[in-house]
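**Student:** Provided herewith is a single structure, encoded as structure tokens, for subsequent inquiry.
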Amino acid sequence: MGKVTITLSALALIASAALVPALAQQGSPCCRDWWGPGWMGPGHMTPDGMGRDMWGWGMMGPGQQARMQRHWTYMNEGVPSAYRGARNPLRSTDETLAAGATLYAENCARCHGPTGFGDGEEGRSLTPSPALLNYLVQMPMAGDEYLLWTVSEGGKAFETAMPAFKDSLSEDQIWSIIAYMRAGFPSGQQ
0 MGKVTITLSA
10 LALIASAALV
20 PALAQQGSPC
30 CRDWWGPGWM
40 GPGHMTPDGM
50 GRDMWGWGMM
60 GPGQQARMQR
70 HWTYMNEGVP
80 SAYRGARNPL
90 RSTDETLAAG
100 ATLYAENCAR
110 CHGPTGFGDG
120 EEGRSLTPSP
130 ALLNYLVQMP
140 MAGDEYLLWT
150 VSEGGKAFET
160 AMPAFKDSLS
170 EDQIWSIIAY
180 MRAGFPSGQQ
């Protein structure tokens, strides 16, 4: 008889494929994202009105597809040549983080929220909603060149409300915001 080997990653994939839909039907917090307010209708909202069912194939509306267009572009074409290979020249010092915190509060928090969870007051009415920066900066694709490109150019090319900051902030100011986000939005930096 032949020997069958199942790797841990394959086992995890099989388990999650079976478990996640079951938990989603039960309304488990593991299967919700918090990009409110309830784009998919009242039946998909949590009692606080801020959640909707987790994204999945065929579950994204046109707003979410617009946001994903930037990711698709990056994965397939990379960043524009002006941003290729860009690396943050600023060290993550207390001074840099304090400057980044102040600039983030002034320019980003009203949409992305004070700690990058997309829950800023102005962001609640946007479709697509603001990116969850707190998670995004931890993703492998969110390299320095990607973040510099995103903040500098904004979302006009992708039909999102993200403003371009390249004309209102210096590159060093943008880098300090990126350093602040990468440090995990530390409180007490302002």
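Just so you know, we're using numbering that gives the first Met the number 0 here: the sequence shown kicks off at 0 and counts up by one. Don't be surprised by glycine CBs; every beta carbon is placed ideally from N, CA and C.
#1: Could you check the C-alpha separation between H70 and Y134 for me, to the nearest Å?
#2: To the nearest angstrom, how far is the alpha carbon of I143 from that of R123?
#3: My parser needs the alpha helix (DSSP H) runs of 4 or more residues fully inside the segment 90-178; what are they?
#4: Is it the case that the segment 148-167 contacts the segment 178-185, given that we only count it when at least three CB pairs across the two stretches are under 8 Å?
#5: Starting from the Cα of Y73, find the closest Cα among G115, L146 and T95 and give me that residue.
#6: Confirm, please, whether the CB-CB distance from N87 to W174 is below 8 Å.
#7: Quick one: Cα of A23 to Cα of S128, how far?
#8: Could you have a look at R83 and say whether DSSP puts it in helix, strand or coil?
#9: Give the secondary structure of A182 by DSSP, where H, G and I count as helix, E and B as strand, and everything else as coil.
#10: Please name the residue, chosen from G77, A65 and Q64, that lies closest to M140 on a Cα-to-Cα basis.
#11: Taking the Cβ atom as the reference point for each residue, do L131 and I176 lie within a distance shorter than 8 Å?
#12: Residues in its own chain within less than 7 Å of G117 by CB, not counting five upstream and five downstream?
#13: Rounding to the nearest angstrom, what Cα-Cα distance links G119 and S167 in this structure?
#14: Should F164 be counted as a contact of the ligand PLP given a C-beta to heavy atom distance under 7 Å?
#15: Can you tell me the Cα-Cα spacing of G153 and M67, whole angstroms?
#16: Residues in the same chain with beta-carbon distance under 8 Å from G84, minus the five sequence neighbours each way, listed in chain order, please.
**Tutor:** Based on what the coordinates show:
#1: Taking the sequence shown and counting its residues from 1, one reaches residue 70 at position 71. Taking the sequence shown and counting its residues from 1, one reaches residue 134 at position 135. Answer to the nearest angstrom: the Cα atoms are 14 Å apart.
#2: As a first step, residue 143 must be located in the sequence shown, where it is residue number 144. As a first step, residue 123 must be located in the sequence shown, where it is residue number 124. Residue identity check: residue 143 is Asp in the sequence provided, not Ile. Roughly 27 Å separates the two Cα atoms.
#3: 93-106, 108-111, 132-135 and 143-152
#4: Touching, no.
#5: By 1-based counting over the sequence shown, the position of residue 73 is 74. Minimum Cα distance to Y73 is reached at L146.
#6: One-based indexing of the sequence shown puts residue 174 at position 175. One-based indexing of the sequence shown puts residue 87 at position 88. Judged by beta-carbon spacing, N87 lies within the 8 Å limit of W174, meaning their Cβ atoms are closer than that value.
#7: Within the sequence shown, numbered from 1, the residue matching residue 23 stands at position 24. Within the sequence shown, numbered from 1, the residue matching residue 128 stands at position 129. Since pLDDT at A23 reaches only 43, below the 50 mark, its modelled position is unreliable, and the value read off the structure follows with that caveat. For A23 and S128, the distance between alpha carbons rounds to 22 Å.
#8: Working through the sequence shown from its first residue, we reach residue 83 at position 84. Coil, per DSSP.
#9: Locating residue 182 in the sequence shown gives position 183, where the first residue counts as 1. Residue state, collapsed to three classes: coil.
#10: On the sequence shown, position 141 is the one that residue 140 refers to. With distances taken between Cα atoms, M140 lies closest to G77.
#11: Your numbering for residue 131 matches position 132 in the sequence shown. Your numbering for residue 176 matches position 177 in the sequence shown. For L131 and I176, no; Cβs fall outside 8 Å.
#12: Counting from 1 along the sequence shown, the entry for residue 117 is found at position 118. Closer than 7 Å at the Cβ level, and outside the excluded window around G117, lie W34, H111, S128, P129, A130 and L131.
#13: Translated into the one-based positions of the sequence shown, residue 119 becomes position 120. Translated into the one-based positions of the sequence shown, residue 167 becomes position 168. If you take the alpha carbons of G119 and S167, they lie about 21 Å apart.
#14: This structure lacks the ligand PLP, and indeed carries no ligand of any kind.
#15: Indexing the sequence shown from 1 puts residue 153 at position 154. Indexing the sequence shown from 1 puts residue 67 at position 68. C-alpha separation (whole angstroms): 14 Å.
#16: Within the sequence shown, residue 84 is the residue found at index 85, counting from 1. Excluding residues within five positions, the ones whose Cβ falls inside 8 Å are E144.
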